[in-house]
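Asker: Same order as they appear, the protein sequences are chains A, B, C, D, E and F.
Residues in the first sequence are numbered from 27 upward in steps of one, following the working numbering.
Residues in the second sequence are numbered from 27 upward in steps of one, following the working numbering.
Residues in the third sequence are numbered from 27 upward in steps of one, following the working numbering.
Residues in the fourth sequence are numbered from 27 upward in steps of one, following the working numbering.
Residues in the fifth sequence are numbered from 27 upward in steps of one, following the working numbering.
Residues in the sixth sequence are numbered from 27 upward in steps of one, following the working numbering.
Just so it is clear, CB atoms sit at the ideal spot from N, CA and C, and this is done for glycine as well.
Protein chains: 6
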Amino acid sequence: MPKNVAAFGEVMMRLQVPGYELLSQSGTLTYSFSGTGVNVTAALAKFGHIGFLVSTLPENPIGDAALSYLQKLGITTSFIRRDGQYVGMYLLENGFGARPSRVTYSNRLESSFNKATDGTYDFNTIVKKVDVVHFCGISLAMNNNVRHLMKTFAKAVKENGGIVVFDCNYRPSLWGEDGYIKAKPHYEEMLHLADIVMMNEKDAMSILGLKTEKNDRSEQLKELIPYVAKTYNISVIAGTHRLINSDNTHSLKGFIFKNQTFVFSKTLTFSVFDRIGAGDAYTSGIVHGVMEGFSMLETVEFAAAAGMLAHTIVGDTPMSSEKEILRAMSESVGDVER
Amino acid sequence: MPKNVAAFGEVMMRLQVPGYELLSQSGTLTYSFSGTGVNVTAALAKFGHIGFLVSTLPENPIGDAALSYLQKLGITTSFIRRDGQYVGMYLLENGFGARPSRVTYSNRLESSFNKATDGTYDFNTIVKKVDVVHFCGISLAMNNNVRHLMKTFAKAVKENGGIVVFDCNYRPSLWGEDGYIKAKPHYEEMLHLADIVMMNEKDAMSILGLKTEKNDRSEQLKELIPYVAKTYNISVIAGTHRLINSDNTHSLKGFIFKNQTFVFSKTLTFSVFDRIGAGDAYTSGIVHGVMEGFSMLETVEFAAAAGMLAHTIVGDTPMSSEKEILRAMSESVGDVER
Amino acid sequence: MPKNVAAFGEVMMRLQVPGYELLSQSGTLTYSFSGTGVNVTAALAKFGHIGFLVSTLPENPIGDAALSYLQKLGITTSFIRRDGQYVGMYLLENGFGARPSRVTYSNRLESSFNKATDGTYDFNTIVKKVDVVHFCGISLAMNNNVRHLMKTFAKAVKENGGIVVFDCNYRPSLWGEDGYIKAKPHYEEMLHLADIVMMNEKDAMSILGLKTEKNDRSEQLKELIPYVAKTYNISVIAGTHRLINSDNTHSLKGFIFKNQTFVFSKTLTFSVFDRIGAGDAYTSGIVHGVMEGFSMLETVEFAAAAGMLAHTIVGDTPMSSEKEILRAMSESVGDVER
Amino acid sequence: MPKNVAAFGEVMMRLQVPGYELLSQSGTLTYSFSGTGVNVTAALAKFGHIGFLVSTLPENPIGDAALSYLQKLGITTSFIRRDGQYVGMYLLENGFGARPSRVTYSNRLESSFNKATDGTYDFNTIVKKVDVVHFCGISLAMNNNVRHLMKTFAKAVKENGGIVVFDCNYRPSLWGEDGYIKAKPHYEEMLHLADIVMMNEKDAMSILGLKTEKNDRSEQLKELIPYVAKTYNISVIAGTHRLINSDNTHSLKGFIFKNQTFVFSKTLTFSVFDRIGAGDAYTSGIVHGVMEGFSMLETVEFAAAAGMLAHTIVGDTPMSSEKEILRAMSESVGDVER
Amino acid sequence: MPKNVAAFGEVMMRLQVPGYELLSQSGTLTYSFSGTGVNVTAALAKFGHIGFLVSTLPENPIGDAALSYLQKLGITTSFIRRDGQYVGMYLLENGFGARPSRVTYSNRLESSFNKATDGTYDFNTIVKKVDVVHFCGISLAMNNNVRHLMKTFAKAVKENGGIVVFDCNYRPSLWGEDGYIKAKPHYEEMLHLADIVMMNEKDAMSILGLKTEKNDRSEQLKELIPYVAKTYNISVIAGTHRLINSDNTHSLKGFIFKNQTFVFSKTLTFSVFDRIGAGDAYTSGIVHGVMEGFSMLETVEFAAAAGMLAHTIVGDTPMSSEKEILRAMSESVGDVER
Amino acid sequence: MPKNVAAFGEVMMRLQVPGYELLSQSGTLTYSFSGTGVNVTAALAKFGHIGFLVSTLPENPIGDAALSYLQKLGITTSFIRRDGQYVGMYLLENGFGARPSRVTYSNRLESSFNKATDGTYDFNTIVKKVDVVHFCGISLAMNNNVRHLMKTFAKAVKENGGIVVFDCNYRPSLWGEDGYIKAKPHYEEMLHLADIVMMNEKDAMSILGLKTEKNDRSEQLKELIPYVAKTYNISVIAGTHRLINSDNTHSLKGFIFKNQTFVFSKTLTFSVFDRIGAGDAYTSGIVHGVMEGFSMLETVEFAAAAGMLAHTIVGDTPMSSEKEILRAMSESVGDVER
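1) Below 8 Å CB to CB, which residues in the same chain sit around F:N169 once its five sequence neighbours on both sides are set aside?
2) Given a threshold of 16 other Cβ atoms within 10 Å of its Cβ, counted over all protein chains shown, does D:S165 qualify as buried or as exposed?
3) Any beta carbon of chain F sitting closer than 8 Å to that of D:I152?
4) Considering C:N171, what are the terminal residues of the alpha helix (DSSP H) in which it resides?
5) Which residues in chain A have a C-beta closer than 7 Å to the C-beta of B:V129? List them in chain order.
6) Leaving out five residues on either side along the sequence, give the residues of the same chain with a beta carbon under 7 Å from the beta carbon of B:V183.
7) Determine whether the Cβ of C:G35 lies closer than 8 Å to any Cβ atom of chain A.
8) Only counting the same chain, and skipping five residues up and downstream in sequence, which positions put a Cβ closer than 7 Å to that of A:T103?
9) Since C:I302 meets chain D, which of its residues come closer than 7 Å, beta carbon to beta carbon?
10) In chain order, what residues of the same chain have a beta carbon less than 6 Å from the beta carbon of F:G341, not counting five sequence neighbours either side?
11) For B:G315, does the three-state DSSP call read helix, strand or coil?
12) Which chain B residues sit within Cβ distance under 8 Å of D:K98?
13) Put B:H212 into one of helix, strand or coil per three-state DSSP.
14) Out of A:T178, A:S277 and A:I101, state which residue places its alpha-carbon closest to the alpha-carbon of A:K72.
15) Could I get the ranges of all uninterrupted beta strand (DSSP E) runs contained in the stretch 33-78 of chain D, with 3 residues as the minimum, in chain order?
16) Nearest CA to the CA of C:A230: which residue from C:A220, C:Y213 and C:D221?
17) Is the Cβ-Cβ distance between A:Y116 and A:S137 less than 8 Å?
18) Please go through the same chain and pick out, in chain order, the residues whose beta-carbon is closer than 6 Å to the beta-carbon of C:D128, but skip the five residues on each side of it.
19) Does the count of Cβ pairs from the stretch 347-355 of chain B and the stretch 248-268 of chain B closer than 8 Å reach three?
20) In terms of residues, what are the limits of the beta strand (DSSP E) holding C:I222?
21) Counting only beta-carbon atoms, is A:G311 nearer than 8 Å to chain B?
22) Could you confirm whether any beta carbon from chain D is found closer than 8 Å to the beta carbon of E:T338?
23) With a threshold of 8 Å, are at least 3 pairs of Cβ atoms found where one atom belongs to the stretch 266-283 of chain E and the other to the stretch 313-326 of chain E?
24) Give the DSSP-derived three-state secondary structure of F:G163 in the structure shown.
25) How about F:V37 and F:V66: are their beta carbons less than 8 Å apart?
26) Roughly how far, in whole angstroms, is the beta-carbon of E:V362 from the beta-carbon of D:P44, given that I think they are within contact range, below 8 Å?
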């Protein structure tokens, strides 16, 4: 049954040099609008849910373009405020083989979303309309105001009986020196509020400062994740192990931990077209599986296949339907579909 | 020595989303005109033969564009009638890695070619000018009228001493339920008329309903193809075994059966850029080899290399010259040619 | 105050040769999705209303792309059914100066919208949610079924107290020989149901067969339109006189007739970038003016300015906000806006 | 009745900066293949004649591309030799308003056509197959060899009873200092062989060195052209007067002189998209009119309209059918054609 | 004789929607780098001078791309510092006819140039290498720091015997409420330092608050400009009167005031392709004329023609050589240049 | 410490069919300007040196575009003469997998560079400003004049105490029959003048005619290179062994020989995007390492990594900074850089 799902997050303008030129070689950019919240709500809307984005966009041609783009993705935009001046931007130069992709940010801290002040969102109304709300750790890095809005919203969801999803994502360059120390209390607050958490053993060690004497990633995972679940009282923790291979393929293995049990997906190895946003596809797969009552194995296999397909899609935002993901789970690579 | 070769078949407009976007993401299409008959006659024209297409196009800007495109390919268009209203279209979204390509048809059954009625083509004149005529099984799926025209044409070729090539291609979605049962008598009629037939053991089993207790494809082939050749009195049967690998390469092994003997090509493994139409390149290689008196081994190796190169060419239609194919047969992948 | 506005109409795929090449010269098309109903509801959504489209799209990648495109335009898509096989298409080659633009249709009669059968739309539910519904004369040319659905819907609107808008558009090529005679009864039926009608004196003469001894267009208008309003009991009739000048500009003068009174806009002369769909912008301006209680002069000036701006916009669908139209009404051409 | 028409001339590769950037601003070029002979034979093929080009192209990928392009235009390529090394090129930067277009040539003198030596074309065979052959004055500027081939061909046409068309075009930069003096004897030789000549009073004065005391162009024309016709025994002389207006329009008035009589077309004023090659459209209109037995007025009006439409077409080569030209002669600028 | 010319100013990234789509319709942008200082130094470099830009760019891929672009324009970049984080951006949507162009700024106040602090530029070294330095009024609107740097630089130029050019440009949106009152003292300080000033009577009235009882622009000009020259002790004041016509043309008349004398250019009327930056072309023409010792008439005609041609060039930055401008001064619109 | 580096070489216009179409399929080309000297000086300018190109370009729009492009690359253009008529061109059709890339040259022998005559360059001035000059064997193939200029320049460098770098590159198609015999004395003259030479054992055998009884490439190298170094008194010889793998990757192993010692890089295997010009990146790495006093191992590893990265860059010319190359030496393929 379709659920009402919301995400709280910034809409960014993605400006990409087409093909494999550098910004200093080209004269053309393609643009789209994305962000973790955008990706997750759009993906869930493709699965048949109603996906609300809770965000702020300026009342200017860039804000208009962003709004049109979100509508195109099937996102319900009634909780998007129009205020402020800027949309955060990032420029993407595609890497090729031995040359990694590069992202250059512009104007993020001055964006409408990050400048929105306390009291601007009517969270009490929103939480009554939604079953699940997704939050992303990246937003915690912005400023005190955003952090405050985020926690206020999460508490309201909780009090209203909704489900809080927290993606424990962390970007070092945004926190600066001693970042982990500054960040930890904010992540802990969100973890205490969360029902479904996206993280793996690396996050546990770096963000939460947990220690282990194991060297193997799997063993570290099996030791630390149950501890985190217990400490913060989290129902579901899920995440992935990713391997970047030298031949332009990645390998991905998903896990889900629930009721004291780990379940793992097969390791999928696949060619990568556009890596950005694929983690959000995995998240949306987990949320969909949990909401629809899939078994743990179905859930993690579905999420991994959703993640895999998102690497083959142009742009940040996943575009695959439930049917396409189910087919990708069961079949080998097919010939042209007619 | 150059021959006069004809093909009877529909011209379709191929509308392709450039790059790897979905139709719902992009706003641009590239277009070209193709079809099995187009591909085979264009390929044979590249080898130095005169390639006539026998078809119908509407008298409107789309028909004009199709005609110009066929001329560009080197096809002789004097047997193309102008009549009817539409050109059949197909939209192609390129797959990437784990995500398969998708073809969506539009307006095929209402096309000028498929609406052409009895008596519209002057087959008696045509058969006097041509040495070989190519027919494709896909056309049998259209409607009674097309089927009737096809058989009438094939009989006229036969009576005039020409060679009938029949590609035993079958597309399930076009025949609907109980398709094989409906289709079988029509395929059998064409097989009785044909001198050169493109098929493999799978076609023999599914279309002709033949049975075998063998499990191995090679063994099935060796059992069924001689039986088909004998039953329908066919001089040459040729075809391929294709394997779709997970790393964006395909493997192809060609065979030819003639005078009770099988000859196989090496198995070629190669990167794939555009898979559609590559089978027609293989057909044209077989027809060229037979017409030019190549040995069976030369013929099948030439056809397999022609097929391989067609996978590296943009669009449906093969573009390689005899010289380029011969070089691809003998050499490893080369550096830049200057 | 925002109204709920609906339109009943086909969604077509517009395939345009970019720039000024012919279809036989280019290899690229840009595509978008439009139609009279699409244009009118999108324009009204831009003015702040809720714009519902009542239509049918196939459940395939073309239907998906159409739906995404309508969402992007801000159209509310909850009354769009997914059924049938095709989306009607038209190919557009841009004219330049002395060379007129050319439109070639494909697959229109077989489209999902035109194949939808009786009982497929839940008109009773729809009419309860909407204040105004727009119908277009072009749809009357399709087939009996569409005509029947259209009249059924219009009657339901009427019975429910809603406003029926009827655009008396007529396309000769769609009706064939004796078209006006075949068409007249259907147009009359719609006129009897309509509250707001888009037409001018030429429509009155050709479609309704009215006669006048006047030679001047203005005088013909002033004689015939009041007669039509009275005969069919229509509250508002509006339309335009258009002049195509030789220097790539058009001149447009709008009129509105209501309460036995004519009011005319200024004659606007302006450069034309994309003429298709500009009439729908005029319609949406009239509907908006009437719904918002603008004076007759404000209404017709607003509609004329909306029409003018639509000629400067890429694609069929108007994109201007109320604010932009109001500014265009009052100002001369401005310098760059910063 | 369709005629067999030939032209003797170079095929050039046109490399155009798209839009209005300079070569030092852009990074992209569009390319096509043209030349006076290409334009005239393609235009006549569009009118239903068989258009042969007599030329030479290198056996390399550029020559292959040129050949495909000519086929696409509907030119019959059986008299095109494959030899030599280069295709002449020109780079075109589009002007805008006050900034004129710029053409930069590359590699013209070393082209396959200009390096072709005596005896390479089988003129005796060719002249038996064709009714009319077109020659252009530009070719006279190349080198002695080309001049010799040209005169040899023209004589062979004459002796075989064919019609010689000579376009008295002259490009100063190609002849260098004292160009007119060097060029005159060659032009005179061709004029003696010609039946239909394209020129106006300026050519008569500059190339042939004729003098007049009149100042008005029309009067100069009426004095000099009859003298030229008589001196060189020419049946038909035709040409145009062109005015370049400041608003991106040109004005064109055509004339034809035959049997001691001048007939003039209306002065056409029209927006210009691509001026290059439009003169060849005028020529093809004259040749078509004469061959089809149009009246002098029909001929010159047809040629002028053909010239006008060619200014609206992308690229050098005219693309309009006889039907489109006839409509442009009789109608005012029309609305979208559906 | 070539001079060493410098400009102090921000480099901005211009992001333009290609063609005439809105940002909410397109998915592609073209980009370049410009700014008043960029335009003036590039234009003067095209005339043969050495053009230094004094500015700051971040050490990231956007800064690298900007630097490459300036080098391409022929600007000498040795006085460009690498520091800070952002490049100011503006998004441009092209208007068409009745629909004006729109510019949306992003991230300007946070740019490297506007965040550069006191002492960061080595003005003492710079002023020894340059003959003329150009400053723009827009920079005065940024912040105290930029204002301070600007005045410090101008004073150093003056003390070192160099020429100060000040463009009295004013952008209302950047100064906010009571802008003119806030801005006036800063403009006055610059005027006291300047030798050559770009302004007209409107600037005198709005920025300097001068009053006149004349109504005609010319008379206002003739009254106010001599007063300004005298008050602030300015050698040369130059500027333009611009008229935006309804047919996509502008009319431009330049003036120069020097030694108590006004000289005016002819009024030029021309089609406009890209209006942005054309004022900088006029400035560079005045500076070039003054530096090269042109007569006042030559100077103002040269500047006006430079301005006119800049309207026909893609992008902000003028691209015309001295030779091209001289030709545009003397000739009518020409045919294709070969 | 930055050095002044020069290269003597032709600037060519690279015209590339975008994507994987053939020239006969496409209608678009992208262009850039390159050449061995361009690539080497641009690469060294990216490393912080001053890179002068010594060459000749015509005074026309193609020459202007080339000059702008070189400026964009950061090349110092003060030693580039403007003279002659043409820029050499090459057309590139990208291969895919089994289909090799094709290069077709146009107008090379007639280029400004290759037509420049004795005495045109002021070598005496140049050699006083530069520390190192790079020459390429390809230039030796052009004509006597170029050969003479090259040797004169190299001698002047030597006499002035500068370092001569000679890339022993050889292109068979340019020398024609008995090419190695004709070429050998010229290569030997350059080798006698050179301090740093790029070559491997194949060059030693084919160009210098050396013999060895070894079969293994490594052993041949170890036998022949020391002999060459001794014979021609060369300080440093460096080169690579390249393997073209069937999966669209290449393997590259660099060597450097100096002071009787060989040092080898690791074998790097990597995906290839654009192979042309990658050898010049390797050369620039060797020159940089030697000039900066890197150890032999650092030098050869740096050069190999520079070569590897150049295969991932669009166009002929390397674009990587020293920092990026150092990172590529030490790290595995990374995720997106943010």
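Answerer: Based on what the coordinates show:
1) Counted from its first residue, the sixth sequence places residue 169 of chain F at position 143. L135 and N140, listed in sequence order.
2) The count along the fourth sequence starts at 1 and reaches residue 165 of chain D at position 139. That one is buried.
3) Reading the fourth sequence from its first residue, position 126 is the one you call residue 152 of chain D. Look at D:I152: its C-beta is not under 8 Å from any C-beta on chain F.
4) On the third sequence, residue 171 of chain C is found 145 positions in, with the first residue counted as 1. Residues N170 to E185.
5) As a first step, residue 129 of chain B is located in the second sequence; it is residue number 103 there, counting from the start. For a Cβ distance threshold of 7 Å, residue set V362, E363 and R364 of chain A lies close to B:V129, ordered along the chain.
6) As a position in the second sequence, residue 183 of chain B is number 157, starting the count at 1. Only V153, V159 and V190 meet the Cβ criterion.
7) What you label residue 35 of chain C is simply residue 9 of the third sequence in a count that begins at 1. Closer than 8 Å: no.
8) If you number the first sequence from 1, residue 103 of chain A lands on position 77. Setting aside the 5 residues that flank it on each side, A:T103 is surrounded in the same chain by L79, L93, L96 and Q97, each with a C-beta closer than 7 Å to its C-beta; the list follows chain order.
9) In the third sequence, counting from the first residue as 1, residue 302 of chain C sits at position 276. Neighbours of C:I302 in chain D, taken as residues at a C-beta separation under 7 Å, are given in chain order as V362.
10) For the purposes of this step, residue 341 of chain F is identified with residue 315 of the sixth sequence, where counting begins at 1. Leaving aside the five residues that flank F:G341 on each side, the residues in its chain whose CB is nearer than 6 Å to its CB run, in chain order, S58.
11) Looking up residue 315 of chain B in the second sequence gives position 289. B:G315: helix per DSSP, three-state reduction.
12) Residue 98 of chain D sits at position 72 when you count from the first residue of the fourth sequence. Those within 8 Å of D:K98 in chain B are S94, Y95, Q97 and K98.
13) Looking up residue 212 of chain B in the second sequence gives position 186. B:H212 carries a helical assignment under DSSP once its states are collapsed to helix, strand and coil.
14) By one-based count along the first sequence, residue 72 of chain A stands at place 46. Residue A:I101 is the option with its Cα nearest to A:K72.
15) Uninterrupted beta strand (DSSP E) stretches at least 3 residues long and entirely within the stretch 33-78 of chain D occur at 38-43 and 54-60, given in chain order.
16) Here residue 230 of chain C refers to the residue found at position 204 of the third sequence. Residue C:Y213 holds the alpha-carbon nearest to the alpha-carbon of C:A230 among C:A220, C:Y213 and C:D221.
17) Translated into positions along the first sequence, residue 116 of chain A becomes position 90. Translated into positions along the first sequence, residue 137 of chain A becomes position 111. Their beta carbons are not under 8 Å apart, which means A:Y116 does not touch A:S137 by this criterion.
18) Counting from 1 along the third sequence, the entry for residue 128 of chain C is found at position 102. Note on identity: in this sequence residue 128 of chain C is Arg, with Asp being the wrong assignment. Excluding sequence neighbours, C:R128 sits near E119.
19) The stretch 248-268 of chain B and the stretch 347-355 of chain B do not touch, with fewer than three beta-carbon pairs separated by less than 8 Å.
20) Within the third sequence, numbered from 1, the residue matching residue 222 of chain C stands at position 196. Taken as a continuous stretch (DSSP letters only), the beta strand (DSSP E) holding C:I222 covers I222 to M224.
21) The residue given as residue 311 of chain A occupies position 285 in the first sequence. Not one chain B Cβ lies under 8 Å of A:G311.
22) Within the fifth sequence, the letter at position 312 stands for residue 338 of chain E. By this cut-off, E:T338 is an interface position.
23) Taking 8 Å as the limit for Cβ pairs, the verdict is that the stretch 313-326 of chain E does touch the stretch 266-283 of chain E.
24) Taking the first residue of the sixth sequence as 1, we reach residue 163 of chain F at position 137. DSSP places F:G163 in helix when its eight states are reduced to three.
25) Taking the first residue of the sixth sequence as 1, we reach residue 37 of chain F at position 11. Taking the first residue of the sixth sequence as 1, we reach residue 66 of chain F at position 40. No. Outside cutoff.
26) As a first step, residue 362 of chain E is located in the fifth sequence; it is residue number 336 there, counting from the start. As a first step, residue 44 of chain D is located in the fourth sequence; it is residue number 18 there, counting from the start. Their Cβ separation, rounded to whole angstroms, is 17 Å, which puts E:V362 and D:P44 out of contact at 8 Å.
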